[in-house]
């Protein structure tokens, strides 16, 4: 997630899909690299190669809740991303090692708008 | 946002709506309370009184992107929340003072699932 741009991605032209992934991490074992950061960076790269991918952005309050939002042109793009071999491996490790708890909400965007200072 | 629970809210039974609000704050004027935190806390309280409100959760990477996700039973609940007088005032101050840039994505959740360790 280190390479994510800071600014929010602009709204796209509806309809498109969004995947909201909210998570609480397991307690980190300090001094031990559990592979989470490397895998997160890899997933952020891989997802951009999915046909229909639009954007992804993440925020995590230190020690708290993480929210990652992915934007895709259609439901099929999400299905493809879910089924990618590397992503499936990451999902399994997430359940086994990295997450205390998570929730996923898959939704069709009906309306979107944005604001930019001075625009 | 200080009173937000740390754990992600569980998935609800579809269909429901989600509002994804992503933002970049203006540069804070240190030592000067610009009213942002107080208003954010007030909005987090007020939104819970909207009929059809389900939950809200936020994460903000320090100095970076903020993501707030609201969950509502239907589109009418979102419309009511948008139109609330206090919320309209907060929206205006957001554009005038608090945000460099933001985007809003309003979407109908078609599918949701969750994971909890040991559950």
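Protein chains in written order, with the working numbering: chain A, 161 to 279; chain B, 161 to 279.
Where is the CB? At the ideal position from N, CA and C, for every residue including glycine.
The structure presented is a predicted model; accordingly, all values stated were derived computationally and were not measured.
Assignment of beta-bridge partners to residue 229(B) by DSSP yields 180(B) and 217(B). Residue range 196-206 is occupied by the alpha helix (DSSP H) that includes residue 200(A).
Of the residues 244(B), 174(B), 271(B) and 171(B), the one whose Cα lies closest to the Cα of residue 208(B) is 244(B). By the neighbour-count criterion, in which 16 or more other beta carbons inside 10 Å mark a residue as buried, residue 262(B) falls on the buried side. About 6 Å separates the Cβ atoms of residue 231(B) and residue 172(B), confirming a contact at the 8 Å cut-off.
Burial state of residue 180(A) is buried, judged by a 10 Å Cβ sphere holding 16 or more other Cβ atoms. By alpha-carbon distance to residue 201(A), the top candidate from 190(A), 188(A), 186(A) and 218(A) is 218(A). For the 8 Å CB-CB criterion, residue 188(A) and residue 197(A) do not form a contact. Not flagged as an interface residue toward chain B: residue 253(A), since no C-beta distance is shorter than 8 Å.
Proximity to residue 176(B) across 246(B), 215(B), 254(B) and 278(B) peaks at 215(B), based on C-alpha coordinates. The beta carbon of residue 260(A) sits closer than 8 Å to some beta carbon of chain B. Of the other Cβ atoms in all chains shown, 16 or more fall within 10 Å of the Cβ of residue 237(B); this residue is therefore buried. Closer than 9 Å at the C-beta level to chain B, one finds no residue of the region 188-201 of chain A. Against chain A, a Cβ distance below 8 Å from residue 267(B) picks out 177, 178, 267, 268, 269 and 270. Non-local C-beta neighbours of residue 278(B) in its own chain, meaning closer than 6 Å and more than five positions away in sequence, are absent. Here DSSP, grouped into helix, strand and coil, assigns residue 245(B) to helix.
Spatial neighbours of residue 246(B) in its own chain (CB-CB distance under 8 Å, excluding positions within 5 residues in sequence) are listed in chain order as 202, 203 and 206. Residue 238(A) has no beta-bridge partner at all, per DSSP.
Across the structure, residue 223(A) and residue 166(B) are spaced so that their CA atoms are roughly 9 Å apart.
Taking a C-beta distance under 8 Å as the contact criterion, residue 270(B) and residue 239(A) do not qualify as a contact pair. If you draw a straight line from the Cα of residue 229(B) to the Cα of residue 252(A), it is about 25 Å long.
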